[in-house]
Structures are given as C-alpha cells and as structure tokens.
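Worksheet: the structure to be examined is printed underneath.
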Amino acid sequence: MKPFTFTLRQEPPQRVDLSALTPDRLAGKSLADIEKIEIGTTRASTKVGDVFQLAEGDLKNVRYEGGSARFDLVGAKLLPEFSIHVEGDVGLQLGRLATGGKITVSGNAGAYAASGNEGAHIEIKGDVGEMLAAPLAGELAGMSGGRVVVRGKAGARAGDRLRRGILIIEGDAGDDLGSRLIAGTIVALGATSGRVGYLNKRGSLVLAKRPEIGPTYIDCGGHVLTFARLFARALRADSESAADILSAKLQRYGGDTAVYGKGEILTPV
Amino acid sequence: MQGIVRNGVRINDSFAEAFPMAATGLIVTAPTRKWANQAAATATGYATSVIGCDCEAGVDVELSEEETPDGRPGVRMLFFAFSTKGAEKALVNRVGQCILTCPGTALYSAFDGDVKVKVGDSMRQFGDKWQMSKAIDGRRFWRVPVMDGEFLVESQVGVIKKTVGGGNLLVMGADWESTMRATEAGVEAIKGVRDAIMPFPGGIVRSGSKVGSQYKGMSASTNDAYCPTLKGVTKTALEPDIGCTLEIVIDGLSDEVVREAMRAGLKAIIDLGPEKGAKRVGAGNYGGKLGPFHYHLKDLLP
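This is how it looks when you write it as structure tokens:
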C-alpha cells in the first residue's frame with residue numbers, strides 16, 4: 014500500500030511544528046480534519062492544508078514529498094513500527110523523543126536532530142546541524158537509545174551527553190564531538206576537531222582519523238576488542254566503512270580522566 | 125513383548141518416559157576453534173544428570189564464523205535444570221568458573237526464551253568498576269577487563285520453561301563391541317538434530333538405574349534386570365542372546381525435538397542391523413505415572 018503522503022505546495026511562511034503529523038496521531042482523522050491542524054508557531058495561523066497537499070495511504074508509513082529547513086519536530090515521539098520519509102530537508106529537532114520506528118531524510122537536518130531519541134533508527138543522507146542527539150537546555154541526558162546515521166557532515170557538539178545508543182557520522186564532525194558523553198557509542202569516519210570526548214564518562218568514541226587527543230586521555234595500547242567485532246556485524250547494514258573500522262585492531266585511549274574516566278577513544282592502530 | 129522386528133532388530137513395545145525441565149542456551153565464541161570447543165567442553169562438564177549435578181548440559185552444535193554474533197568460531201550449548209532458579213544458579217557458577225576463566229572467550233544468549241535470567245549482570249562485578257556496558261539492537265553486554273583483553277558477556281540469557289528431559293533408548297546387543305557400535309551410530313545420528321543434547325559421557329550411559337534399593341536410604345540403584353552378568357540369578361529382562369546394554373539419554377527444547385532425536389537414533393541403530401550392531405532396542409520408563417511425556421518406540425519406527 015502507498016504511504017500517506019504530504020506533498021509540499023510552497024515553502025511555509027513561518028517555522029512549522031510538525032510533531033502532530035506522526036502516524037499514530039493522524040490515525041482516525043479524515044483528510045479534512047488533518048488539513049485543519051494548526052502547525053504555525055507564531056500568532057499568524059498556518060494550517061496543514063496551507064502548506065501540504067494530502068494523499069491518503071497506509072498510515073504506518075508517512076512520506077513528505079518536498080522538505081524545508083522550516084520543518085521542525087518531524088517524527089517527534091514517533092512510536093515503534095512506524096516510519097517517516099522526508100524527500101528534502103528538515104529543520105530543528107528531527108525525531109525528538111522518538112521511542113522507536115524509522116525516519117529517513119534525503120536532505121539536510123537542522124540542530125538538535127535525534128534529541129532525546131529513545132529508540133528510533135534515524136538516517137540523514139545530507140548534513141546535520143549542531144547538537145546532534147543532544148539534550149535541550151535543562152535536560153540531564155541526551156539520546157538514550159536507537160541509532161542515528163549521518164551520511165554527510167555533523168555540526169558542533171554532536172553526541173553531547175549521549176546516554177545510550179549509537180551515532181554514525183560518515184562525514185566530518187564539528188568541534189567537540191562527544192562532549193560530556195555519558196555512555197553509548199559514536200563512530201566518526203571523517204575529520205574531527207576541538208576537544209574530542211571532552212568530559213567523557215563511560216562512552217566509546219570510534220574515530221577513523223586520529224585527531225589531536227587531549228592530555229586527559231591516556232594511551233592504553235592497541236587491542237582486538239570482541240565487542241567491536243560484535244558491533245561491526247550489527248552495523249554493517251548501516252555503514253560498511255564504520256563496520257570496517259570496528260573490525261580493525263584499535264588503539265585505545267582511556268578517559269576523560271578529568272572526570273569519571275571510564276570511557277575511551279578508539280582509533281585504528 | 126517382542127512382536128516388532130525391523131531389519132532383524134527386535135523393537136520393544138515400550139516407551140520412554142520424560143520430564144518437564146527448564147532450559148537455557150549459550151553461544152561461546154573464541155579466536156580459534158580449539159578454544160571455543162575447550163570452553164564448551166569445560167562449561168558442560170560434570171553435568172550428566174540432575175540427580176547428582178546442578179544441571180544437565182551438552183554441546184548442541186558447533187557454529188561457523190558466519191553463524192556467531194561476533195564472526196569467530198563458536199559452540200552452542202544447552203543447559204537443562206529442574207527450575208528457572210536452578211538453571212540460573214548453575215549457569216552463573218559455570219560461566220564464572222569455566223567461561224570467564226577460559227582464554228579468548230565471549231558469551232552470548234542462544235535464544236530469547238520465555239523469561240530472562242541474569243548471567244553477565246551477575247558477573248560484571250568481577251571487573252571491579254572497570255567493566256563497561258554496551259547495548260545494541262535491544263541486547264546488553266558487559267565488557268569485563270581480564271588479563272588477555274576483555275571478556276564480553278551478555279547481561280541476560282533466555283530460559284525456555286517447558287522443555288523435555290529424559291528421552292531415551294536402551295540398546296541391547298550380543299557383546300560390548302557390537303552394542304557400542306550400534307549406540308555410537310545412534311549418538312551420531314542424534315547429534316544431527318538441532319536443539320537436543322545427550323548429557324552423558326559421549327552421549328552414552330551404562331549405569332541405568334531402577335527406583336529403590338535393598339539398602340535403606342538409597343533411592344536408586346543398579347537396574348539389575350538389564351545387567352548381563354546377573355541374567356541367571358535375578359528377574360532379568362534380557363534374553364540369552366543379549367550380553368550388553370547401553371542407554372542414550374536425550375534432553376530437548378521441545379517435545380517434537382526429543383521425538384525427532386529418538387526417531388533419528390532408532391533409525392541409525394536399525395540400519396546397522398543385528399549382526400554388526402544391536403539385537404534389540406527398548407526404552408526406559410517408570411510405568412508412565414511420573415513423567416508427562418511418553419515416546420512409544422512403535423510410533424518412531426522408520
């Protein structure tokens with residue numbers, strides 16, 4: 014069955030909050046009802062019907078034909094078994110607090126993508142803004158489960174306060190990748206810069222290119238790690254190159270000893 | 125009693141009586157086949173019968189590099205105990221003494237099962253706060269630092285509550301050599317059945333027991349009716365042409381698996397014929413009142 018499709022009529026006149034347009038929240042509503050949903054974020058009104066042309070379909074799969082950097086909160090609180098595909102760009106907080114399901118974006122995503130994600134599989138074919146998988150201001154932890162694959166570049170502080178789950182960044186990562194990492198795994202295939210793994214507690218940073226590693230990380234030698242082989246198998250479907258890095262012998266830098274210090278940076282020997 | 129004959133082998137109109145057990149499965153891997161097999165042999169040792177051991181255990185199947193979670197050679201083991209609690213206790217002891225200690229190993233749950241028991245979660249403290257948790261695809265693992273690197277162990281292991289222990293075949297032949305030939309053929313055939321193990325040495329037990337004893341306080345003693353040296357002096361179950369009895373005991377993850385294993389073993393024994401192998405095949409039971417699973421040999425014939 015065809016997916017339920019939102020086709021973009023024109024660039025929305027203001028930022029729009031699309032958190033109401035996840036499959037479970039659309040269930041039981043008629044097309045006319047859906048067109049009347051208010052998605053504006055200012056005092057001016059913007060309704061679904063103003064921005065999208067709707068085509069009915071299987072609500073388990075929602076598809077956006079055309080995207081915009083003004084599309085905020087796409088797939089927020091998405092539930093397991095559902096999927097969303099965006100043919101185009103999205104704005105802030107893609108997949109915010111999603112508990113499961115699958116989100117794919119063919120273009121770029123804005124800041125705070127996968128923020129607080131609890132279990133969704135999110136793939137962004139383009140670049141992603143800063144604070145990928147990070148907590149919003151005042152929250153204690155960032156992403157707590159699931160998997161995020163970024164084919165392009167990531168902005169600054171990707172993986173900030175990551176608590177559980179896996180980030181794969183195939184392009185370059187911005188400054189301070191994995192800052193304040195609590196736990197979980199980040200695999201970065203491109204270049205990294207700044208204070209990588211700053212204040213990392215128990216997380217694993219796997220870096221294809223060895224950056225300048227801060228003095229609070231201590232060289233533990235080169236090792237073949239069984240867990241890395243396990244991860245390589247599990248991640249191969251998402252990223253061949255990430256799996257290759259994990260299959261290699263890895264140099265382990267323990268840290269960040271400025272804090273709890275049970276985490277690590279792993280790079281090919 | 126001996127109405128059925130197949131390929132010259134007499135088949136008793138009898139049945140094997142089996143009991144419900146709780147089972148868990150583990151996959152152990154290592155950098156080489158040698159150390160994967162060594163770990164499995166050690167972890168499934170001294171686990172022949174729940175009468176005197178904490179569980180009944182055995183190797184189910186060797187796994188190739190492609191079949192294991194981490195791409196190294198592995199072995200799938202099954203453990204059977206009276207209860208989930210019993211299985212957990214046996215597993216934690218065995219993993220702690222036999223897998224954690226074995227060079228190069230990593231340990232995974234073999235199936236999800238009905239309930240989970242803690243294995244890695246009980247072992248992680250060995251890491252003295254240096255252990256790390258890693259979660260992927262809904263499963264959690266502990267990385268415990270050890271002297272050859274890291275011991276990777278799954279936090280929880282699945283237990284299937286309704287499994288079957290005690291399927292059996294009594295193989296009777298003219299002498300030790302021919303009976304052993306037939307029994308080994310049976311064991312080889314049963315090895316090909318997935319989800320079933322034979323917990324006794326090499327899959328074979330020679331000391332079948334009966335309930336009760338002439339001594340006070342002994343609940344089980346030698347099954348004198350099947351002892352060839354007592355043929356004349358006790359109420360024997362053996363004919364004059366039988367000089368040796370061996371038994372194959374089978375534990376399986378389901379009723380169907382035990383049935384299939386017994387069928388495979390029976391076929392191999394019958395195929396060998398009475399000259400080279402066994403003259404008669406029977407099955408052990410307690411009158412049918414104790415165990416809920418009954419496997420009638422006449423239903424399992426090829």
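Protein sequences, first through last, are from chains A and B.
The number in this note's numbering is simply the position in the first sequence, starting from 1, with 13 added.
The number in this note's numbering is simply the position in the second sequence, starting from 1, with 124 added.
Each residue gets a CB set at the ideal place from its N, CA and C atoms; glycine is no exception.
Since we're looking at a predicted model, the values are computed, not measured.
Rounded to the nearest angstrom, what separates residue i and residue j at their Cα positions?
| i | j | result |
| --- | --- | --- |
| D365 of chain B | W300 of chain B | 12 Å |
| K122 of chain A | A250 of chain A | Reading the sequence as shown, one finds Ala at residue 122 of chain A and not Lys. So the two alpha carbons sit approximately 22 Å from each other. |
| F19 of chain A | V216 of chain B | 54 Å |
| M144 of chain A | A171 of chain A | 5 Å |
| E136 of chain A | R164 of chain A | 8 Å |
| V118 of chain A | A167 of chain A | 14 Å |
| Q126 of chain B | N136 of chain B | Confidence is the limiting factor: at Q126 of chain B the pLDDT is only 47, short of 50, which leaves the residue's position unreliable, though a coordinate-based value still follows. When rounded, the distance between both Cα atoms is 5 Å. |
| V87 of chain A | R56 of chain A | 21 Å |
| D173 of chain A | K138 of chain A | 21 Å |
| V382 of chain B | A388 of chain B | 10 Å |
| G401 of chain B | S302 of chain B | 5 Å |
| L180 of chain A | E48 of chain A | 35 Å |
| A204 of chain A | R176 of chain A | 23 Å |
| V94 of chain A | G113 of chain A | It should be noted that the sequence gives Glu, not Val, for residue 94 of chain A. About 7 Å. |
| L91 of chain A | R83 of chain A | 19 Å |
| E24 of chain A | S81 of chain A | 7 Å |
| A259 of chain B | L153 of chain A | 20 Å |
Strictly by DSSP, which residues pair up with residue i?
| i | result |
| --- | --- |
| Q338 of chain B | Paired residue(s): none; Q338 of chain B is not in a bridge. |
| K285 of chain B | Note: K285 of chain B sits in no beta bridge, so no partner. |
| L226 of chain A | Reading off the sequence, residue 226 of chain A comes out as Ile, not Leu. I226 of chain A pairs with nothing; no bridge assigned. |
| N7 of chain A | The question about residue 7 of chain A has no answer here: the residues shown for chain A are numbered 14 through 282. |
| F417 of chain B | B:A142 |
| Y266 of chain A | A:D232 and A:I278 |
| E136 of chain A | A:T117 and A:V162 |
| L276 of chain B | B:A230 and B:R267 |
| N292 of chain B | B:V373 |
| A181 of chain B | B:F203 |
| V219 of chain A | A:V200 and A:L279 |
| I151 of chain B | B:R200 and B:Y232 |
| A122 of chain A | A:V141 |
What is the DSSP secondary structure of residue i, counted as helix, strand or coil?
| i | result |
| --- | --- |
| L396 of chain B | helix |
| D71 of chain A | strand |
| G178 of chain A | strand |
| C351 of chain B | coil |
| E24 of chain A | coil |
| Q249 of chain B | helix |
| P36 of chain A | helix |
| C222 of chain B | helix |
| F206 of chain B | coil |
| A167 of chain A | strand |
| G158 of chain A | strand |
| S254 of chain A | helix |
| I52 of chain A | coil |
| I260 of chain B | strand |
| N136 of chain B | coil |
| T307 of chain B | helix |
| R208 of chain A | coil |
| S345 of chain B | strand |
| I314 of chain B | helix |
| G184 of chain A | coil |
| D319 of chain B | coil |
| S260 of chain A | helix |
| Q66 of chain A | strand |
| G129 of chain A | coil |
Does the structure place the region 333 to 347 of chain B close enough to the region 258 to 275 of chain B that three or more beta carbon pairs sit under 8 Å? No, the region 258 to 275 of chain B does not touch the region 333 to 347 of chain B.
Give, in chain order, every residue of the region 187 to 209 of chain A whose Cβ lies closer than 9 Å to some Cβ of chain B. Residues of the region 187 to 209 of chain A with a C-beta less than 9 Å from any C-beta of chain B: A196, G197 and T198, listed in chain order.
Relative to chain A, which residues along the region 193 to 216 of chain B have a C-beta separation below 8 Å, given in chain order? For the region 193 to 216 of chain B, the residues whose beta carbon sits under 8 Å from a beta carbon of chain A are, in order, P193, D194, G195 and R196.
Beta carbons nearer than 9 Å to chain A: which residues of the region 153 to 176 of chain B have them? T153 and P155
Give, in chain order, every residue of the region 230 to 243 of chain A whose Cβ lies closer than 8 Å to some Cβ of chain B. H236, V237, L238, T239, F240, R242 and L243
Decide yes or no for the touch test of the region 237 to 256 of chain B against the region 169 to 183 of chain B: beta carbon pairs closer than 8 Å, at least 3 of them. The region 237 to 256 of chain B, when compared against the region 169 to 183 of chain B, does not touch it at the 8 Å Cβ threshold.
Which residues, in chain order, does the region 324 to 352 of chain B contribute to contact with chain A at a C-beta distance below 7 Å? none
May I ask you to list, following chain order, the residues of the region 271 to 293 of chain B that have a beta carbon less than 9 Å from some beta carbon of chain A? G273, E274, F275 and L276
Indicate whether the contact test is met: 3 or more Cβ pairs, each with one atom in the region 141 to 150 of chain B and one in the region 202 to 212 of chain B, closer than 8 Å. The count of Cβ pairs closer than 8 Å, one atom from the region 141 to 150 of chain B and one from the region 202 to 212 of chain B, reaches three, so the stretches are in contact.
Are there three or more Cβ pairs, one per stretch, closer than 8 Å when the region 321 to 340 of chain B is compared with the region 257 to 269 of chain B? no
Residues within the region 37 to 53 of chain A neighbouring chain B, beta-carbon criterion of under 7 Å: Of all residues in the region 37 to 53 of chain A, none has a Cβ within less than 7 Å of some Cβ in chain B.
Proximal residues, the region 108 to 141 of chain A versus chain B, C-beta separation under 7 Å: none
Under 8 Å, CB to CB, which of the residues in the region 220 to 240 of chain B have a partner in chain A? A230
Interface residues of the region 160 to 181 of chain A facing chain B [CB-CB below 9 Å]: R160, R177, G178 and I179
Given a limit of 7 Å on CB to CB distance, which residues of the region 269 to 280 of chain A reach chain B? K275
Along the region 60 to 81 of chain A, where does the CB come closer than 9 Å to a CB of chain B? Name the residues. none
Is there contact between the region 215 to 228 of chain A and the region 151 to 166 of chain B, where contact requires at least three CB pairs shorter than 8 Å? no
Counting pairs of beta carbons, one from the region 259 to 279 of chain A and one from the region 390 to 408 of chain B, are three or more of them closer than 8 Å? These segments do not touch.
Against chain B, which members of the region 212 to 231 of chain A pass a CB distance test of less than 7 Å? R215
Sufficient close CB pairs (3 or more, under 8 Å) joining the region 237 to 246 of chain B to the region 224 to 244 of chain A: no
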